[in-house]
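Heads up, the thing below is written out as structure tokens.
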Ligand code: HAM
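In our numbering, the protein residues as written are 11 to 432.
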């Protein structure tokens, strides 16, 4: 017996019956992002592995444990993109966009790949809706507030209401350095109680200890009193302005000093939006400032900020049985004999060229079974072609909502249906 292939672990098929909810989310996102003046950006799904290592950090879990490498002939390794920011920055620099615009606003919708241990809400291939602002004119706390407000606006527009927003500030590169020194002092005496991963994190990237999921590490971490003394006055003032702007927009948030995010590029404002109904993988989206990434990747010294929302998690959080706008068929053609089938097939072609969505069963079968197929397709009108109709050069047109039937001359039926369908 030949081998049956199955879905790769951690991926999912998006079946036609699931498409309306995906299209709803994507269409809402496009509409709202357009209103905020964000332009769509598309980059390849794979990039130089070095790009991700340099951007996200060698010690981040995403690089260390989850990069899906495509080929490795040492000099030229490619990896599937685990997120969208690094590639946008790469392209922004490569296309010298900073010289053309003071403030660029981009968005993307597409698949990302991480070699994770799959579980509910955690996939190896998942999809993000992301937005990034970058350029010499982006160092404004109002843009931090806009990015956070935009993520919330998107989630609201999908029908989500019960999510929580946490924000924090990591400060400038110098502030982060101070923060990391403070954390080392704080964790030094408890090193032996930390998990083996965190002992390494202590040396290589102490921030990572703050989001370790190990129970014992978590107990140690939550007891830490973290104040904002690592932030310079300038960074504190900036963060205060961001919070003030969020309050002005009536956006509820919780300040969370333990929120450090898992990617290295962040500076200043970071945020995460979660929904407790999702269980352990509760982050609907996250983002923050990354003021040094463009220059770190060889571009000009320009500031930037962005976020990404996970589409699968959004769909998991939405209430079930929602009536997403299904695209119903306009017309279904039913034919009663071979001569009618020939005529019906050519009518189908005419309708499609007149932009009427339509279909048929492509063979002669009982009216009952063709009617069943018409009902299943959700067609708003059914056309019946039988011996009598063809004799009179007419079609029977049935309105599937009202049940009303009428006869229309075949030459006029396309125009008549178009009018009724509009
Ligand atoms: P992230 O926090 O790694 O940030 O991912 C953002 C969102 O993508 C998560 O909150 C979650 O909803 C979704 N996500 C991440 N991993 C998975 C997974 N394995 N399965 C399902 N969903 C997942 C970033 O990716 C940054 N690039 C965000 C950003 C943009 N920061 C600045 N600009």
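All residues carry an ideal CB built from backbone N, CA and C; glycine is no exception.
The criterion of a C-beta distance shorter than 7 Å is satisfied by residue 275 and residue 65. Taking 3 residues as the shortest admissible run, the region 71 to 128 contains the following complete beta strand (DSSP E) segments, listed from N- to C-terminal end: 79 to 81, 88 to 90 and 114 to 123. Looking at the DSSP output, residue 278 bridges to nothing.
When DSSP assignments are scanned along the region 148 to 219, the uninterrupted stretches of beta strand (DSSP E) that are 3 or more residues long and fall wholly within it turn out to be 174 to 179. Secondary structure note for residue 247: its alpha helix (DSSP H) is the uninterrupted segment 243 to 258. Beta-bridge annotation (DSSP): residue 284 is paired with 174 and 293. Relative to ligand 1, the nearest heavy atom lies less than 6 Å away from the CB of residue 133.
Contact annotation: residue 153 and residue 315 have beta-carbon atoms nearer than 7 Å. Residue burial is scored here from C-beta neighbours: residue 372 has fewer than 16 other C-beta atoms within 10 angstroms and is therefore classed as exposed. Burial is judged here by how many other beta carbons sit within 10 angstroms of a residue's own beta carbon; residue 27 has fewer than 16 and is exposed.
Here residue 15 is exposed: its Cβ has fewer than 16 other Cβ atoms, across all protein chains shown, within 10 Å. Close CB contacts of residue 305 within its chain, under the 6 Å cut and outside five residues either way in sequence, are with 311 (chain order).
Here residue 205 has 224 and 227 as same chain residues with Cβ atoms under 6 Å from its own Cβ, once five neighbours each way along the sequence are excluded.
Judged by DSSP secondary structure, residue 221 falls outside any beta strand (DSSP E); it is assigned neither H nor E.
For residue 328 and residue 284, the gap between their C-alpha atoms comes out near 13 Å. DSSP places residue 346 outside any beta strand (DSSP E), giving it a letter other than H or E. In this structure, the straight-line span from the alpha carbon of residue 79 to that of residue 53 is close to 17 Å. Relative to ligand 1, the nearest heavy atom lies less than 6 Å away from the CB of residue 140.
Distance from the C-beta of residue 124 to the nearest heavy atom of ligand 1 is below 6 Å.
The beta strand (DSSP E) runs lying completely inside the region 349 to 409 and spanning 3 residues or more are 368 to 370, 391 to 395 and 404 to 409, given in chain order.
Short of 6 Å from the beta carbon of residue 30, and not among the five residues preceding or following it, lie these beta carbons of its own chain, in chain order: 334 and 336. Taking non-hydrogen atoms of ligand 1 into account, the C-beta of residue 136 is found less than 6 Å away from one of them. Not one heavy atom of ligand 1 sits closer than 6 Å to the Cβ of residue 289. Taking non-hydrogen atoms of ligand 1 into account, the C-beta of residue 323 is found less than 6 Å away from one of them.
Of 102, 109, 369 and 63, the smallest CA-CA separation from residue 90 is found for 63. With fewer than three CB-CB distances shorter than 8 Å, the region 284 to 294 does not count as touching the region 180 to 193. Closest in C-alpha terms to residue 412, from the list 74, 389 and 123, comes 389.
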